[in-house]
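The structure appears below as structure tokens.
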Amino acid sequence: MALAAARRLLLHAGSRLGRREAVDGARRFANKRVLVETEGPAVMKLRNPPVNSLSLECLTEFTISLEKLENDKSIRGVILTSECPGIFSAGLDLLEMYGRNPAHYAEYWKNVQELWLRLYTSNMILVSAINGASPAGGCLLALCCDYRVMADNPKYTIGLNESLLGIVAPFWFKDMYVNTIGHREAERALQLGTLFSPAEALKVGVVDEVVPEDQVHSKARSVMTKWLAIPDHSRQLTKNMMRKATADNLIKQREADIQNFTSFISKDSIQKSLHMYLEKLKQKKG
Ligand SMILES: CC/C=C\C/C=C\CCCC/C=C/C(=O)SCCNC(=O)CCNC(=O)[C@H](O)C(C)(C)COP(=O)(O)OP(=O)(O)OC[C@H]1O[C@@H](n2cnc3c(N)ncnc32)[C@H](O)[C@@H]1OP(=O)(O)O
């Protein structure tokens with residue numbers, strides 16, 4: 001209920017902002033954690049500092065922005081990137097999965113599923129400009145895209161590292177990984193929780209291209225131009241043919257997946273692992 005109300009408020013605020021900024025001549029709309037520019041190729045920028053973690057609010061704003069873009073028939077493609085220096089996205093917000101109650105876990109997971117289904121089955125062309133670290137849920141966002149361009153900076157890593165946290169990537173994360181890099185590579189990377197450097201990610205196929213950091217956005221734009229030259233109807237039908245079975249696999253068991261997540265994440269042993277991981281992140285500083 002609370003989330004539905006927040007969603008209505010955000011949609012309303014979003015459309016108000018949209019109108020005001022359009023009057024200013026800049027075609028863009030924004031909510032607090034997601035900025036969308038629709039001048040030229042549409043660009044969606046995550047801005048949830050310090051690390052673009054996907055909190056419930058961030059997920060909601062992201063989903064709403066995507067919905068608005070989908071509803072605008074003049075927008076055929078979106079570049080997904082980050083406004084946080086050095087970070088694409090740190091993935092799901094660990095604080096949404098630690099020390100909360102089962103109802104919260106269920107609500108959070110429903111929203112993670114919702115964003116994934118919308119992104120993965122989007123009719124728009126999605127290109128990610130990966131300009132920073134992209135672990136776990138950050139990698140998931142990138143994997144939803146039709147093409148991934150990553151900055152050539154060895155400090156940036158990408159991959160599904162869940163097993164390093166003592167948690168397990170859900171079957172639909174795994175399915176998408178397998179679809180992208182093949183069964184053997186996915187099996188190894190998932191068990192080891194591998195975070196790939198840009199060069200390794202390119203080699204294994206997690207990303208499609210690695211370019212110097214200052215060229216990530218221009219490359220993403222030129223990729224978009226190429227993809228926009230393909231007729232929408234044939235490209236969309238082809239995308240749907242490639243992705244539908246994977247999305248349907250979650251759709252047919254969404255409720256069971258929410259139950260699985262809630263009971264798994266509520267376990268004392270899992271909460272303990274998350275606590276240790278969060279402590280490790282804190283200690284990294286000191
Ligand atoms: C049987 C199975 C059934 C169902 C499945 C069940 C459950 C499992 C599914 C769960 C799937 C999970 C997916 C995820 O995405 S989990 C999140 C994984 N993310 C990570 O591991 C990234 C962790 N972060 C980092 O490695 C670094 O922070 C990063 C991104 C490289 C940036 O480094 P740096 O710039 O040095 O910044 P800091 O580390 O100092 O971080 C700053 C600040 O942010 C906090 N923080 C970092 N990441 C997160 C996060 N993901 N969520 C929340 N908060 C995060 C960090 O703690 C610091 O906080 P502080 O208060 O100390 O300032």
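Under our numbering, the letters of the sequence shown match residues 1 to 286, in that order. Glycine is no exception: its CB is placed at the ideal position from the N, C-alpha and C atoms.
Secondary structure of Y177 (DSSP, three-state): helix.
In this structure, the straight-line span from the alpha carbon of V206 to that of N48 is close to 24 Å. Within the region 16–77, the complete alpha helix (DSSP H) segments of 4 residues or longer fall at 56–71, listed in chain order. Using a Cβ distance threshold of 7 Å, A129 and H217 count as a contacting pair. Scanning the region 231–261 from its first residue to its last, the whole alpha helix (DSSP H) runs of 4-plus residues come out as 232–251.
The alpha-carbon of V127 is positioned some 20 Å away from that of S53. Where R100 is concerned, there is no enclosing alpha helix (DSSP H), because DSSP gives it neither an H nor an E. Taking all protein chains in view, the Cβ of L190 is crowded by 16 or more other Cβ atoms within 10 Å, so the residue is classified as buried. DSSP places E200 within a helical segment (H, G or I) once states are collapsed to three.
The Cβ atoms of I75 and V43 lie no closer than 7 Å to each other.
Taking the CA atoms as reference points, A256 sits about 16 Å from H104. Distance from the CA of I251 to the CA of W116, rounded to the nearest whole angstrom, comes to 11 Å. Within 6 Å of the C-beta of L95 there is at least one heavy atom belonging to ligand 1. The beta carbon of L92 sits closer than 6 Å to at least one heavy atom of ligand 1. Around S273, the same chain offers G166 as residues with beta carbons nearer than 6 Å, after the five sequence neighbours per side are excluded.
Where I270 is concerned, the enclosing alpha helix (DSSP H) starts and stops at 268–285. Burial state of M224 is buried, judged by a 10 Å Cβ sphere holding 16 or more other Cβ atoms. Rounded to the nearest angstrom, the gap between the Cα atoms of K174 and I230 is 29 Å. Placement of the Cβ of S273 at a distance of 6 Å or more from every heavy atom of ligand 1 is found. Take Y120, set aside five residues on each side of it, and the residues of its chain with a beta-carbon closer than 8 Å to its own are C144, M176, R243, T246, A247, in chain order. Of the other Cβ atoms in all chains shown, fewer than 16 fall within 10 Å of the Cβ of R188; this residue is therefore exposed.
In the displayed model, L80 falls within a strand according to three-state DSSP.
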